[in-house]
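Chains A and B, in that order, are what the protein sequence lines are.
One point on numbering: in numbering that gives the first Met the number 0, the residue at position 70 of the first sequence is 69, and numbering is uninterrupted.
One point on numbering: in numbering that gives the first Met the number 0, the residue at position 144 of the second sequence is 143, and numbering is uninterrupted.
Number of protein chains: 2
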Amino acid sequence: MKNAPVTIKDIAKELEVSISTVSRALADNPLVKASTRKAVQDLAKKYNYSPNFTALSLKNNKTNTIGIIIPQLVHEFFASVIRGIEDVAYSQKYNVIICSSNESYEREVSDSKALINGRIDGLLACMSKETKNYEHFIDFTDRGIPIVFFDCVCKAVESHKILIDDFDAGYRATKHLISQGCENIAYLGGPFSLQINQNRYAGYIKALSESGLNTDDQWIVHCETGSFEDGLVSSKELTGLDSIDGLFAGTDMLALSAIKNFKAAGKSIPRDVAVIGFSNWSISSLYEPSISTVDQPGYEMGTKAAELLLKDIKNPYVMKPETHILQTNIIVRDSSSK
Amino acid sequence: MKNAPVTIKDIAKELEVSISTVSRALADNPLVKASTRKAVQDLAKKYNYSPNFTALSLKNNKTNTIGIIIPQLVHEFFASVIRGIEDVAYSQKYNVIICSSNESYEREVSDSKALINGRIDGLLACMSKETKNYEHFIDFTDRGIPIVFFDCVCKAVESHKILIDDFDAGYRATKHLISQGCENIAYLGGPFSLQINQNRYAGYIKALSESGLNTDDQWIVHCETGSFEDGLVSSKELTGLDSIDGLFAGTDMLALSAIKNFKAAGKSIPRDVAVIGFSNWSISSLYEPSISTVDQPGYEMGTKAAELLLKDIKNPYVMKPETHILQTNIIVRDSSSK
DNA sequence: AATGAAATTGCAATCGTTTGCAGAACATAG
DNA sequence: CTATGTTCTGCAAACGATTGCAATTTCATT
């Protein structure tokens with residue numbers, strides 16, 4: 000019943016040679032007589048031998064595995080980041096462990112604890128919204144396990160960082176609305192504690208002031224989560240204001256919730272109000288009207304992050320921390336085409 | 000710079016006791032003198048010691064980790080399955096490795112290879128659409144690593160299986176359309192090679208024949224992927240047929256694509272055609288009209304699968320393979336309310 | 001047949017941890 | 001001061017693999 004996996008020892012016993020010989024034969028080491036080598040390799044194939052991962056990890060003090068800590072799984076942007084990471088990792092014979100923190104600080108810490116002890120050779124992390132304390136990340140660098148942060152990066156940790164140019168994205172999204180003739184542009188963003196949202200907001204402000212436009216406290220709403228439900232509630236008041244003719248939303252979900260509210264208030268999109276979202280969720284192209292948005296290079300972010308991390312793993316303590324800033328792409332659809 | 004993690008050996012050396020004593024002291028073994036125990040524990044805390052995961056795995060021949068192989072990450076149903084799995088696993092001090100096969104047989108096999116050798120104590124798997132060959136799964140059971148399949152299960156492997164009652168779901172979804180007065184109900188489903196789609200289809204057929212309704216070859220379309228794009232193309236012809244007054248779609252994405260086509264053909268939903276989808280993606284509630292759908296108990300599927308697997312891990316070779324069938328819930332929204 | 005070099009092979013340490021067993025240190029009783 | 005028992009500690013093997021070094025075998029040459 001219990002077919003314990005074949006070890007090098009089993010092969011050695013059956014062939015009446017030493018463990019060392021088997022080990023060398025499997026590595027095709029010419030020190031071993033050709034005939035023995037062949038016999039070992041044949042038997043190994045017959046028994047479907049493959050070396051014990053744990054034993055190798057212990058011996059080599061490396062696991063050939065990198066960890067990812069990410070706040071959400073069901074997020075098309077993160078999914079493309081993961082795909083980028085996996086493609087690079089697999090091509091270099093590394094495996095990937097994904098932990099989703101579910102935007103919870105506590106879960107992020109427990110995931111870190113689970114990963115830190117000899118389980119991974121390096122970490123790719125995107126901080127949760129809740130995270131204000133960074134010790135669990137510092138623990139990694141203290142142990143010589145390199146980290147690369149992406150998207151929501153941690154300034155307090157000395158490491159590589161890959162970010163989206165959120166400031167520029169916010170700036171260009173707002174500029175686009177202005178180019179469509181909007182003069183009174185509102186802002187509906189995710190949690191302002193996140194750097195990415197501060198940057199998007201700053202871009203928005205810059206675009207306005209550059210064009211001599213004003214904003215108003217009433218037109219600016221920072222939501223707690225950036226979710227659809229949150230947006231429905233938070234944008235209620237905003238969407239009732241008749242003065243507004245444009246809206247820059249920090250996520251597509253927020254854009255969608257605002258559009259629902261605008262519609263409910265009897266406004267037509269984009270005729271009365273032009274709307275642009277952020278992240279290019281598939282829903283933004285499927286909805287009617289289709290929603291203009293900012294496309295983030297998720298896949299590229301993933302590949303770049305993984306490449307940097309693997310470089311650091313293979314050649315520890317030589318690279319200075321690098322920060323890469325990736326550019327976005329404005330996708331114009333119906334919701335902002337006046 | 001390189002802070003190699005403290006080992007039991009370091010503590011032993013500093014305290015001038017043996018490694019065994021430290022090991023026992025950390026386990027709070029009363030064989031060790033209370034004062035020594037305290038000294039060891041204090042030093043361990045000071046150095047933030049935690050045992051090397053790899054060494055423990057090797058010693059105990061268990062990794063306290065379970066693997067998940069899943070075809071897609073960005074899928075709300077799978078995400079809730081994963082959440083269920085994680086909740087159960089974490090509560091029993093197990094970790095989770097997620098591998099997304101991206102619906103590729105090849106990737107599924109390479110993920111299996113990566114997981115099989117002493118990396119995980121058990122596997123939770125949902126087969127990709129492409130998978131026709133099951134050896135990579137049989138390898139697990141051959142080695143005594145238990146598997147639990149969920150959703151897309153593999154009949155060829157003797158293991159626990161958790162499925163959705165797709166037959167009943169298809170039956171009830173179609174019944175619902177009939178109850179709304181539909182008489183000519185079309186079927187737009189995902190790849191027919193998948194058992195789940197065969198079952199949904201069979202449920203659809205049963206509901207029709209039970210109500211004395213007919214179907215027509217023209218009204219039945221099996222798509223290759225079940226994606227929105229695929230649906231747009233595959234449902235083109237179907238949605239042009241004037242005879243049709245109802246549609247049961249095998250995914251919400253397919254429902255959405257058909258609705259777009261119906262609209263383009265000048266039909267109104269639900270007045271002219273009532274539509275119901277499958278899986279309760281968030282888009283189905285956000286779209287206008289909101290789309291009726293079948294809600295699958297993903298979280299429950301995850302917890303049940305993980306519980307069975309952990310039972311099997313902790314008590315090998317005692318349980319007979321069990322098959323659990325979970326019931327679904329029809330969510331009626333605008334798209335099917337005549 | 002003896003010698004030496006070349007070709008093979010195996011011993012043993014190592015990675016970090018646990019644990020059975022043997023033995024040391026100490027205390028108490030006779 | 002010896003005998004006996006308690007309490008505590010450490011050696012060594014084990015998990016599965018790799019690898020430097022030493023030992024053995026093989027074979028050609030004299």
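For each residue, glycine too, the CB sits at the ideal point set by N, CA and C.
- Chain B has no Cβ within less than 9 Å of the Cβ of Tyr298 (chain A).
- Around Val156 (chain A), no beta-carbon contact reaches into chain B at under 7 Å, the shortest distance being about 15 Å.
- The continuous beta strand (DSSP E) containing His323 (chain A) extends over residues 322-325.
- Spanning the alpha carbons of Leu187 (chain B) and Ala257 (chain B) requires a straight line of approximately 8 Å.
- For Ala124 (chain A), the uninterrupted beta strand (DSSP E) run begins and ends at 121-124, by DSSP.
- Here the C-alpha atom of Gly239 (chain B) lies approximately 52 Å from the C-alpha atom of Leu307 (chain A).
- With contacts defined by Cβ atoms closer than 9 Å, Ala185 (chain A) and Trp218 (chain A) form a contacting pair.
- Among the residues facing chain B, Ala43 (chain A) is not included, as its CB has no counterpart in that chain under 9 Å away.
- Contact residues of the segment 132-148 of chain A toward chain B are Asp141, Arg142, Gly143 (C-beta to C-beta distance below 7 Å).
- Per the Cβ contact rule, the segment 136-156 of chain A is not in contact with the segment 91-101 of chain A (fewer than 3 Cβ pairs under 8 Å).
- DSSP lists A:Leu246 as the bridge partner or partners of Ala185 (chain A).
- For Thr62 (chain A), the chain B residues whose Cβ falls inside 8 Å of its Cβ are Thr53, in order along the chain.
- Taking a beta-carbon distance threshold of 9 Å, Leu285 (chain B) counts as an interface residue toward chain A.
- Under DSSP, Leu231 (chain A) shares a beta bridge with no residue.
- Distances from the CA of Ser278 (chain A) to each of A:Arg199, A:Glu321, A:Ile312 were compared; the closest alpha carbon is that of A:Arg199.
- Shown here for Asn260 (chain A): same chain residues with a beta carbon closer than 7 Å to its own, the five before and five after excluded, namely Leu231, Ser234, Lys235, Thr238 in chain order.
- Within its own chain, the residues whose Cβ lies closer than 6 Å to the Cβ of Leu114 (chain B), once the five positions on either side in sequence are excluded, are Gly66, listed in chain order.
- Residue A:Ala54 holds the alpha-carbon nearest to the alpha-carbon of Asn59 (chain B) among A:His74, A:Lys61, A:Ala54.
- For Tyr104 (chain A), the nearest beta carbon of chain B is not closer than 9 Å to its own beta carbon.
- The count of Cβ pairs closer than 8 Å, one atom from the segment 115-126 of chain A and one from the segment 325-335 of chain A, stays below three, leaving the stretches out of contact.
- Of all C-beta pairs linking the segment 298-312 of chain B to the segment 78-98 of chain B, three or more are shorter than 8 Å, placing the two stretches in contact.
- In the three-state reduction of the DSSP assignment, Val317 (chain B) falls in the coil class.
- Of all residues in the segment 96-125 of chain B, the ones placed with a Cβ closer than 8 Å to any Cβ belonging to chain A are Ile96, Ile97, Cys98, Ser99, Asn101, Ser109, Lys112, Ala113, Ile115, Asn116, Gly117, Arg118, in chain order.
- Annotation for Val21 (chain B): the continuous alpha helix (DSSP H) segment containing it runs 18-25.
- Comparing alpha carbon positions, the residue from B:Gly249, B:Arg142, B:Pro288, B:Pro29 closest to Asp294 (chain B) is B:Gly249.
- Lys12 (chain B) and Ser19 (chain B) have their C-alpha atoms some 12 Å from each other.
- Using a Cβ distance threshold of 9 Å, Ala254 (chain A) and Ser283 (chain A) count as a contacting pair.
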